[in-house]
Amino acid sequence: MASKFNSKMFPFFSKLKSLSVRKYNIESELPFFLLYLWSIASTRVPRTYIFRFASEKHVFKNISSFFMKIKVLIEGWRYEHATACEVVGKESPSKIFREFLSRMARSIRSGEPFELFMSREYTNFVAAYSENMERMMNKLKQLCDAYVSILSSTTFICLVILMLGLLYSLETMLPLAVLVTVTISVALLMFSWIMFSAARPDEILAKGKIKPPKRKILTLISIASISTSFFPYLLIGFNQPFYGITFSGLPLLVAGFIGKRYVAKVKRCEEFYPSFLRQIASICATKVPIKTALKDALNINYGPLNNPIRRLYNKLSFRINSSVAWESFEAEVDSELIRRVNGIFVDVLHRGGNIDEISKMLESLYFIYTTIRRKRYQVVSYLTGIVAPLHVAMCGVMGVVGSFFTLLSSFAGIAAVASPITLKLPTEFISIYFLLIIVVFSINNAVTLYSIEGDSRFTLLFYIGLLLVSGSLIYSLTSQATSNYLFSMITS
0 MASKFNSKMF PFFSKLKSLS VRKYNIESEL PFFLLYLWSI ASTRVPRTYI FRFASEKHVF
60 KNISSFFMKI KVLIEGWRYE HATACEVVGK ESPSKIFREF LSRMARSIRS GEPFELFMSR
120 EYTNFVAAYS ENMERMMNKL KQLCDAYVSI LSSTTFICLV ILMLGLLYSL ETMLPLAVLV
180 TVTISVALLM FSWIMFSAAR PDEILAKGKI KPPKRKILTL ISIASISTSF FPYLLIGFNQ
240 PFYGITFSGL PLLVAGFIGK RYVAKVKRCE EFYPSFLRQI ASICATKVPI KTALKDALNI
300 NYGPLNNPIR RLYNKLSFRI NSSVAWESFE AEVDSELIRR VNGIFVDVLH RGGNIDEISK
360 MLESLYFIYT TIRRKRYQVV SYLTGIVAPL HVAMCGVMGV VGSFFTLLSS FAGIAAVASP
420 ITLKLPTEFI SIYFLLIIVV FSINNAVTLY SIEGDSRFTL LFYIGLLLVS GSLIYSLTSQ
480 ATSNYLFSMI TS
């Protein structure tokens, strides 16, 4: 309902967002799709069949929709292949894909063999792809440094605004303090979007229609954790607001941690998959049936892939449709990377392409992709190693300041009995103000870390829970310890 309302109220922004997402999805699929076209072209089938196969490849759904239009223009409206590519290419939101279709049209008109064209296109694209991603990672590292600089100054700004409110006019400065905090939060979120747009991450988990049962359960747990996170604050938050935030963040932290463990298992499957692909390809290249190759693979330890491989072999042994069996294997592994690569390999296997050569190209692209991902994780580790301790330190500083104001207010109340001069400090407002800062900055930092890592939504839950729990707990402990220390100094 909300999405429909937004699309009606802001049709321009809704369309712009849709084009941006589709552009990114197309360019994310493009390196694998180019290799897929090359692999199908190596089977020496007519170009019309290649376009038909490409339009039916749902693992590349964002690109296959364009080839479906090309197929309709060719088969239904009798367009020439080159003309159909040019017409459909004009509708693409991605400049890279649009230029690719334009070059394809020129190649078709020149009479160049399609396999030769795809070989050249893929080689050139992969070379440029590696360089572009390397530049993106360097740019992302620089943006992370800028984000840390901005974040480190935000606490100082918030405290200065609060001090000014206490020294001058509380009625004016305290609402201004809240406004400044919200403004800083919006600025940090915008900066997170800039970081996300500079080098968008690919999700680890598969995007297919079939989801494994364990992932469905984890999704339900995540939804339940969001719902239950409000109850601890409602129970104890009014008396102990900071401990209420601590216990509210625990369900999110636990659900995110369980989800991250599931994602880690999927990554382990990705580590073993190239070895599995290499063995199956080397055996099938000698014209050995795939079922025999899988039977040999059962004798080798592929870690978390052992059970999916065994179930795949059993399905093929029971004469279940090969496509259904492989789709079930991909869904069980639940990796988008394996889903793309395996989809190419299975098509080459079924259509009689050059398995040995294509498997080597798949392994090479797999290595390039995972290498770029490891570099991204280095940037994520770098930012996490700074943001998490900085967030805790900021909460500790606010705890010290909050306890100082609380103690000062207590002594001011005692002194007011013997002196006509009174000093009223809004300690309750100060506590609420610091609570707002902790919650807002926890969400901001979690969104930033998620925007550059992007493994799954479990990552977002984990970081929100971690920062809420650690920040509010450190504030409470620091505030209590500082109050006890100052009180002991004064009374002694």
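Per numbering that gives the first Met the number 0, the very first residue in the sequence shown carries number 0; after that it's consecutive. Glycine residues also receive a C-beta, built at the ideal position from the N, C-alpha and C atoms. From a predicted model like this one, the values you see are computed outputs, not experimental measurements.
>> Could you compute how far the alpha carbon of Glu74 sits from the alpha carbon of Ser54?
In response: 13 Å
>> Considering just the uninterrupted stretch of the alpha helix (DSSP H) at Asp201, what are its terminal residues?
In response: Neither: Asp201 is in no alpha helix (DSSP H) and is coded neither H nor E.
> Going by C-alpha distance, which of Thr426, Thr405, Val439 and Leu466 is nearest Gln479?
Replying inline: Thr405
> Looking only at its own chain, which residues have a Cβ that is under 7 Å from the Cβ of Ser455, when we skip the five neighbours before and after it?
Replying inline: Glu202, Ile203, Leu204, Gly258 and Val262
> Applying the criterion that 16 or more other CB atoms from any shown protein chain within 10 Å of the CB defines a buried residue, is Ile437 buried or exposed?
Replying inline: buried
> Any contact of the region 330–349 with the region 80–99, i.e. 3+ C-beta pairs under 8 Å?
Replying inline: no
> By how many angstroms is the C-alpha of Tyr78 removed from the C-alpha of Asn444?
Replying inline: 52 Å
> If we count the other Cβ atoms within 10 Å of its Cβ and call it buried at 16 or more, is Tyr368 buried or exposed?
Replying inline: buried
>> Using 8 Å as the threshold, is the C-beta distance between Trp37 and Ser129 below it?
In response: no
> Buried or exposed: Gly302, going by 16 or more other Cβ atoms within 10 Å of its Cβ?
Replying inline: exposed
> Under three-state DSSP, which class holds Ser228?
Replying inline: coil
> How is Ser334 classed by DSSP in three states: helix, strand or coil?
Replying inline: strand
>> If you follow the alpha helix (DSSP H) that Thr285 is in, where does it begin and where does it stop?
In response: No alpha helix (DSSP H) holds Thr285; DSSP gives it neither H nor E.
>> Any contact between the region 393–407 and the region 311–328? By contact I mean 3 or more CB pairs, one from each, below 8 Å.
In response: no
> So, Asn61 versus Ile39, is the Cβ gap smaller than 8 Å?
Replying inline: no
>> Which residue wins for smallest C-alpha separation from Pro92, given the options Ser316, Ser471, Tyr312 and Tyr23?
In response: Tyr23
> For Lys286, is the classification buried or exposed, using 16 other Cβ atoms within 10 angstroms of its Cβ as the cut-off for buried?
Replying inline: exposed
>> Between Thr218, Val391 and Thr447, which has its C-alpha nearest Ala198's C-alpha?
In response: Thr447
> If you compare alpha carbons, which of Glu427, Ser152, Arg46 and Met136 is closest to Ala104?
Replying inline: Arg46
> If you follow the alpha helix (DSSP H) that Glu98 is part of, which residue opens it and which one closes it?
Replying inline: Lys94 to Ser109
>> Using 8 Å as the cut-off, can you tell me whether the region 239–251 makes contact with the region 466–475, which would need three or more C-beta pairs spanning the two stretches below that distance?
In response: yes
> So Trp276 packs on Ser358, CB below 8 Å; how close in whole Å?
Replying inline: Checking the displayed sequence, the identity of residue 276 turns out to be Leu instead of Trp. Correct: roughly 6 Å between the Cβ atoms.
> Which class does Leu364 belong to by DSSP, given the choice of helix, strand or coil?
Replying inline: helix
> Alpha carbon to alpha carbon, how far is Arg375 from Leu178?
Replying inline: 35 Å
> Are there 16 or more other CB atoms within 10 angstroms of the CB of Pro307, so buried, or fewer, so exposed?
Replying inline: buried
> Looking at the unbroken alpha helix (DSSP H) that takes in Phe52, where does it start and where does it end?
Replying inline: Arg46 to Ser54
> In this structure, does DSSP put Phe195 in helix, strand or coil?
Replying inline: helix
> With burial defined as no fewer than 16 other Cβ atoms inside 10 Å of the residue's Cβ, what is the status of Arg309: buried or exposed?
Replying inline: exposed
> Where Phe440 and Leu150 are concerned, what is the direct C-alpha to C-alpha distance, given to the nearest angstrom?
Replying inline: 9 Å
>> Rounded to whole angstroms, what is the Cα-Cα separation between Ser221 and Phe457?
In response: 8 Å
> Could you give the C-beta distance for Val378 and Leu139, rounded to a whole number, given that I count them as a contact under 8 Å?
Replying inline: 5 Å
> For the ligand FAD, any of its heavy atoms closer than 7 Å to the Cβ of Val399?
Replying inline: Ligands are entirely absent from the displayed structure, and the ligand FAD is therefore not among its contents.
> With a cut-off of 8 Å, do at least 3 Cβ pairs link the region 344–355 to the region 278–293?
Replying inline: yes
>> Give me, in chain order, the residues of the same chain whose beta-carbon lies closer than 7 Å to that of Thr42; leave out the 5 immediate sequence neighbours on both sides.
In response: Arg350, Gly351 and Gly352
>> If you reduce the DSSP assignment to three classes, tell me which class Ser418 lands in.
In response: For Ser418, the pLDDT reaches just 48, beneath the cut-off of 50, and the residue's location in the model is therefore unreliable, although a value from the coordinates is still provided. It is coil, neither helix nor strand.
> Looking at the unbroken alpha helix (DSSP H) that takes in Asp295, where does it start and where does it end?
Replying inline: Ile289 to Ala296
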